[in-house]
Every structure is written in structure tokens, then in C-alpha cells.
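All you need for our numbering is the position in the sequence shown, starting with 1, plus 278.
We put the beta carbon where it would ideally sit given N, CA and C, even for glycine.
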Amino acid sequence: MFNSQTSPIIVEYRPRNRNTYIRVTDDGEIKVRTPLKNESSIRRILKLREEWIQTTLLALHMRSDEKHELGKTIRFRGENYAVEHLPNLLKKIENVKNTIDIEKYYYQFYRDEAVLTLPSRVAHYARKMNLHPNEIRFKRLRSRWGSCDSKGIVTFNTRMMQLTYEHIDYIIVHELAHLRHMNHSKEFHTLVREHLPNERKLRSEIKAIRPL
């Protein structure tokens with residue numbers, strides 16, 4: 279990820295400019311057009327925009343990951359995996375030609391992995407937070423990563439298995455926190471931050487990722 283103090287940048291000196299402009303290119307380069315000559319001053323400006331740059335780079339990375347070939351690759355645990363490295367999935371789809379059936383097996387794979395992996399992580403944070411849902415459900419949701427209702431039922435999108443474990447943990451803590459605060463108030467974010475100190479960064483990143 280981008281570090282405002284050490285990551286490489288491309289500086290275009292523009293003495294007539296009044297302001298400094300930062301752009302993230304399609305190749306992931308950070309270009310800075312600025313009237314400033316002092317690199318430390320430029321780095322200070324980058325520090326102020328570090329979260330935005332990181333989020334933009336993540337969205338760029340996720341878009342590049344989307345360019346996979348159905349039946350040959352799958353997004354899993356934050357990476358593009360070759361299906362040949364997942365024998366249980368490969369066995370189901372290797373003789374299937376229909377796109378709809380291949381997608382069905384992908385969703386089944388995500389659900390199986392979610393049911394196998396997520397309950398222990400949910401239980402871990404439920405104990406730490408002393409917030410215990412009345413019921414946990416796993417579903418294929420269209421756009422949300424998870425939800426929590428007033429009855430204490432927490433639902434997780436099985437496509438969470440596309441994400442890194444760091445992002446998975448953020449979604450779990452986020453939804454458990456709703457058992458105490460059914461809103462996104464300051465108190466809610468403070469509670470999440472108690473258990474995930476980099477909550478702001480993770481929240482910004484997860485907004486840039488959509489389920490595939």
C-alpha cells in the first residue's frame with residue numbers, strides 16, 4: 279500500500295500553479311503537479327491525502343482482479359486464484375460448459391468456505407466484544423457485505439470469501455457492533471475502533487470493493 283513518506287512519486291514542477299494536484303494513473307503511479315520544490319512539503323500534502331490515495335489504489339487493484347476468466351480463475355481470500363489450485367471446485371466445473379452452472383458452483387464454493395471459516399471468527403469477536411447475535415445467517419447478497427436487524431439476526435454475504443481476512447474481520451466487527459448501535463453514529467465507529475484500531479482505513483477500503 280501507498281506510504282506518503284517513502285513510496286515513489288512522479289513530480290511535475292509547475293511554478294505557475296497555485297495549488298498542488300495529485301493523480302493516480304491507471305498504472306498505479308502517483309503523479310503530483312505542484313509549484314513546490316521542497317519534497318518534504320510535497321510529502322506533507324501527500325500525508326493529508328494518503329487515505330484517498332490508498333483507497334483509489336485498492337479500487338484500481340480490484341478492477342484489475344475482476345479481469346479473470348470464468349472457470350479458470352476465482353477471487354478468493356483477496357487474490358485471484360487459479361481454479362486448478364482448488365481441487366474441490368475444479369472437480370465440479372471441469373466438464374461444465376454452461377456459464378450459469380459454473381457461476382452456481384462458484385457461489386456454492388463461497389458458501390461452503392464461509393460456513394467452514396466464518397463461524398469461528400464471528401465467535402472470536404463476539405466474545406471480545408461481549409455482543410452475541412441471536413442467529414447468524416449466510417446468504418448470497420447482491421450488494422451488501424452484511425446486515426444486522428433489530429431481532430439480533432446477523433447476516434453475512436457468502437461472497438465475503440472474496441476478501442482478505444483483514445476485510446472479513448472488519449465486516450464481522452462492523453455487524454456485531456450494530457447489536458449495540460443500530461446506526462453509524464460516532465459511538466458506533468468508536469466501538470468498532472476499540473477492536474480494530476485501523477477501522478477508518480478498513481472502512482474506506484471496503485467501500486471501494488464490491489462483491490463479484
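Under the three-pair Cβ rule at 8 angstroms, the stretch 431-438 counts as touching the stretch 452-461. Looking at the DSSP output, N435 shares a beta bridge with K417. The beta carbons of E483 and M439 sit about 17 angstroms from each other, so the pair does not count as a contact at 8 angstroms.
From the listed residues S282, L314 and R294, the smallest Cα separation to I308 is found for S282. When the five nearest sequence neighbours on each side are left out, the beta carbons in the same chain lying within less than 7 angstroms of the beta carbon of H459 are those of E465, F466 and L469, in order along the chain.
Residues of the same chain with a CB within less than 6 angstroms of the CB of H410, apart from the 5 flanking positions on each side, are A404 in chain order. Taking C-alpha positions only, V393 is separated from I331 by approximately 34 angstroms. For I308, the three-state secondary structure derived from DSSP is strand. In this model, R399 and V289 are separated by some 44 angstroms (Cα to Cα). Per DSSP, N366 is one residue of the alpha helix (DSSP H) stretching across P365 to I371. Non-local C-beta neighbours of A360 in its own chain, meaning closer than 8 angstroms and more than five positions away in sequence, comprise K350 and T351, ordered along the chain. In the structure shown, E357 falls within a strand segment according to DSSP collapsed to helix, strand and coil.
Residues of the same chain with a CB within less than 6 angstroms of the CB of I446, apart from the 5 flanking positions on each side, are M438 in chain order. For H473, same chain residues with a beta-carbon under 7 angstroms away, outside a window of 5 residues either side, are Y403, K406, M407 and V451 in chain order. Contact check for L480 against G356 fails: the beta carbons are separated by 8 angstroms or more.
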